[in-house]
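Q:
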Amino acid sequence: MFEYETVKKIMFNFEPETAHSIAECGLRTLPYCRFVNSYMINKNFVNHDILTQNILGTTFHNPIGLGAGFDKNATMIKAMPAMGFGYTEIGTMTPKPQAGNEKPRLFRYPEQESIQNAMGFNNKGAYKIIGNLKKVYPYAIPVGASIGKNKITPENKALEDYENLIRGFKDISDYLAINISSPNTPNLRDLQNEEFIKAIFTMAKNITSKPVLLKIAPDMEHETAITLCKTAIEYGADGIIATNTTQDYSLLPNPKDFGGISGAVMSDKSYEMFKAIGAELHDKTVLISVGGISDAKDAYRRIRAGASLIQILSGFIFKGPSMCKNINEELIELIKADGFNHISEAIGADFK
Ligand SMILES: Cc1cc2nc3c(=O)[nH]c(=O)nc-3n(C[C@H](O)[C@H](O)[C@H](O)COP(=O)(O)O)c2cc1C
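For the sequence shown, the numbering used here assigns the number 5 to the initial residue and increments by one for each residue that follows.
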């Protein structure tokens with residue numbers, strides 16, 4: 005119907021946040037254009053037995069999801085099947101609305117198919133987003149809710165922010181993702197410690213039986229990450245999402261000295277950390293791999309390293325709505341080529 009390369013050329017003339025607002029406007033409108041929406045669902049949404057999994061208490065028709073940060077206010081959920089996504093993660097939401105960091109705070113690196121961002125959880129706040137979500141949930145694809153603390157909340161009150169958010173979102177999402185790994189809220193990553201992880205999962209599990217997952221940063225020793233993930237699981241976490249953006253500024257030419265890097269340049273870094281976690285935990289919990297993925301080969305190496313699900317954000321911006329379809333169709337071939345009958349047989353195959 006249209007060439008994404010042409011759309012991208014036009015969109016990349018705009019400042020990145022303006023382009024995102026235009027995209028949001030289009031994606032909010034798409035479900036109301038019923039003919040175009042159905043056409044795009046038929047074209048892009050892969051629904052195949054080999055890729056269908058019943059995990060986290062729900063059904064994923066394909067394993068490719070939209071990573072948190074693109075749909076911060078839950079306004080684009082209905083358009084995601086047309087984009088080919090098998091699930092979506094909204095947020096990160098905070099209890100109170102907040103504007104985020106000073107602009108400019110979003111930068112493209114087209115040659116590297118990478119992004120640097122210092123958004124800082126700009127979002128409309130739980131009250132408004134709960135309203136948006138109630139209009140949609142439950143939906144045709146699973147919806148995860150990524151939650152984070154407000155910037156102004158001191159560290160010793162952080163748990164209360166997460167508790168309020170869990171109470172607010174537990175009945176209108178399929179899973180909750182605890183975000184303590186964004187580099188753009190001061191000291192947030194300090195919460196990636198044993199004590200806080202024990203406290204947050206103990207609290208969460210007292211409140212809800214919905215799956216609660218932990219999202220971690222890539223910028224720590226693999227052993228440290230594994231220990232934190234093991235603690236999270238011991239205290240009730242239902243899965244791990246690895247990884248958030250990286251603060252390894254050596255990955256980009258002319259980087260900014262703030263924010264987090266995502267996209268192709270972080271693929272190997274996020275894969276190495278994911279594989280280390282997968283080696284220990286692939287048969288003990290649900291693992292979601294995210295970071296620099298935009299093709300089937302990369303997605304499949306994550307699956308073989310233990311990923312039940314994949315998330316993509318930056319790749320979607322550079323490759324557009326045909327990306328998920330291409331990945332899913334190729335994944336089916338890769339799974340078959342390895343002699344497997346279902347994705348579940350490929351998950352963690354590197355360790356069997
Ligand atoms: C502009 C932007 C905003 C993001 N915001 C969030 C967020 O609010 N919460 C979160 O958990 N991750 C956020 N992320 C991180 C992504 O979800 C993902 O973990 C990271 O970008 C690596 O994946 P990618 O290379 O496919 O983009 C954001 C990433 C980008 C590029």
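Yeah, the Cβ is synthetic: ideal placement off N, Cα and C, and Gly gets one too.
Going by the DSSP bridge assignment, what does Glu-93 pair with across the sheet?
A: Stepping through the sequence shown from its first residue, residue 93 is reached at position 89. Answer by DSSP bridge pairing, in chain order: Gly-148.
Q: Nearest-angstrom Cα distance between Glu-337 and Ile-45?
A: In the sequence shown, residue 337 corresponds to position 333, counting from 1. In the sequence shown, residue 45 corresponds to position 41, counting from 1. If I take the Cα positions, the gap works out to 21 Å.
Q: Tell me whether Ala-72, by its Cβ, gets closer than 7 Å to a heavy atom of ligand 1.
A: Translated into positions along the sequence shown, residue 72 becomes position 68. At least one heavy atom of ligand 1 is nearer than 7 Å to the Cβ of Ala-72, so yes.
Q: For the beta strand (DSSP E) that contains Ser-293, what are its first and last residues?
A: On the sequence shown, position 289 is the one that residue 293 refers to. Ser-293 -> beta strand (DSSP E) spans 290 to 294.
Q: Run the proximity test for Gly-88: is its beta-carbon closer than 7 Å to any non-hydrogen atom belonging to ligand 1?
A: To locate residue 88, count along the sequence shown from 1; it is residue 84. No, the beta carbon of Gly-88 sits no closer than 7 Å to any heavy atom of ligand 1.
Q: Whole beta strand (DSSP E) runs in the segment 45 to 97 with 3 or more residues, listed along the chain?
A: Listed in chain order, the complete beta strand (DSSP E) runs (minimum 3 residues) inside the segment 45 to 97 are 57 to 59, 62 to 64, 68 to 70 and 91 to 97.
Q: Since Ile-26 is in the alpha helix (DSSP H), which residue starts that stretch and which ends it?
A: Taking the first residue of the sequence shown as 1, we reach residue 26 at position 22. 20 to 33 is the span of the alpha helix (DSSP H), which, as asked, contains Ile-26.
Q: Suppose you measure from the CA of Gln-251 to the CA of Val-11; what does that come to, to the nearest Å?
A: Working through the sequence shown from its first residue, we reach residue 251 at position 247. Working through the sequence shown from its first residue, we reach residue 11 at position 7. Rounded to the nearest angstrom, the two C-alpha atoms are 30 Å apart.
Q: Cα separation between Gly-319 and Gly-296?
A: For the purposes of this step, residue 319 is identified with residue 315 of the sequence shown, where counting begins at 1. For the purposes of this step, residue 296 is identified with residue 292 of the sequence shown, where counting begins at 1. Taking the straight line from one Cα to the other gives about 7 Å.
Q: Output the distance between the C-alpha atoms of Arg-112 and Ile-14, rounded to the nearest integer angstrom.
A: The sequence position of residue 112 within the sequence shown is 108, counting from 1. The sequence position of residue 14 within the sequence shown is 10, counting from 1. Looking at the two C-alpha atoms, the distance is approximately 14 Å.
Q: Please look up how many angstroms separate the CB atoms of Asn-121 and Thr-249, rounded, as I've assumed it's under 8 Å.
A: The residue you call residue 121 lines up with position 117 of the sequence shown. The residue you call residue 249 lines up with position 245 of the sequence shown. Going by Cβ atoms, the distance from Asn-121 to Thr-249 rounds to 7 Å, so yes, they are a contact pair.
Q: Would a C-beta distance cut-off of 8 Å place His-65 and Asn-51 closer than the cut-off?
A: If you number the sequence shown from 1, residue 65 lands on position 61. If you number the sequence shown from 1, residue 51 lands on position 47. Yes. Within cutoff.
Q: Tell me whether Met-80 counts as near ligand 1, meaning its Cβ is closer than 7 Å to at least one heavy atom of that ligand.
A: Reading the sequence shown from its first residue, position 76 is the one you call residue 80. Incorrect: Met-80 has no Cβ contact closer than 7 Å to ligand 1.
Q: Tell me whether the beta-carbon of Met-87 lies closer than 8 Å to the beta-carbon of Asn-48.
A: Residue numbering aside, residue 87 sits at position 83 when the sequence shown is read from its first letter. Residue numbering aside, residue 48 sits at position 44 when the sequence shown is read from its first letter. Yes, the pair counts as a contact, with Cβ atoms nearer than the cut-off.
Q: What residue from Lys-139, Leu-137 and Ser-185 has the CA that sits closest to Lys-153's CA?
A: The residue given as residue 153 occupies position 149 in the sequence shown. Comparing Cα-Cα distances from Lys-153 to each of Lys-139, Leu-137 and Ser-185, the minimum goes to Ser-185.
Q: Judging by CA-CA distance, which residue of Ala-229, Leu-217 and Thr-228 is the nearest neighbour of Gly-243?
A: Along the sequence shown, read from residue 1 onward, the residue named residue 243 stands at position 239. Of the listed residues, the one whose Cα sits closest to Gly-243 is Leu-217.
Q: Does the segment 136 to 149 come within contact of the segment 162 to 178, defined as at least 3 CB pairs closer than 8 Å?
A: Yes: at least three Cβ pairs fall under 8 Å.
Q: By the DSSP assignment, the alpha helix (DSSP H) with Gly-240 in it spans what residues?
A: Counted from its first residue, the sequence shown places residue 240 at position 236. No alpha helix (DSSP H) contains Gly-240, which DSSP labels as neither H nor E.
Q: Does the beta-carbon of Ser-25, which I'm using as the reference point, lie nearer than 7 Å to any heavy atom of ligand 1?
A: Mapped onto the sequence shown, residue 25 falls at position 21. Not so, every heavy atom of ligand 1 lies at least 7 Å from the Cβ.
Q: Go to Ile-314, then tell me how far its beta strand (DSSP E) extends in each direction, as first and last residue.
A: Locating residue 314 in the sequence shown gives position 310, counting from the first residue. Note, Ile-314: beta strand (DSSP E), 313 to 316.
Q: From which residue to which residue does the beta strand (DSSP E) around Ser-180 run?
A: Translated into positions along the sequence shown, residue 180 becomes position 176. For clarity, residue 180 is Leu in the given sequence; the question names Ser instead. From DSSP, the beta strand (DSSP E) with Leu-180 extends over 179 to 183.
Q: Name, in chain order, the residues that DSSP records as bridge partners for Phe-111.
A: Residue mapping note: residue 111 aligns to position 107 of the sequence shown, counting from 1. DSSP lists Gln-120 as partners of Phe-111.
Q: Any heavy atom of ligand 1 within a distance shorter than 7 Å of the CB on Leu-110?
A: Here residue 110 refers to the residue found at position 106 when the sequence shown is read from its first residue. Because some heavy atom of ligand 1 lies under 7 Å away, the Cβ of Leu-110 counts as near it: yes.
Q: Pick helix, strand or coil for Gly-343, following the three-state DSSP scheme.
A: Taking the sequence shown and counting its residues from 1, one reaches residue 343 at position 339. Gly-343 falls in the coil class under three-state DSSP.
Q: Could you give the distance in angstroms between the alpha-carbon of Ser-312 and the alpha-carbon of Ala-221?
A: Numbered from its first residue, the sequence shown carries residue 312 at position 308. Numbered from its first residue, the sequence shown carries residue 221 at position 217. Ser-312 and Ala-221: Cα-Cα distance of roughly 19 Å.
Q: Are there three or more Cβ pairs, one per stretch, closer than 8 Å when the segment 225 to 242 is compared with the segment 280 to 296?
A: At 8 Å Cβ cutoff, the stretches touch.
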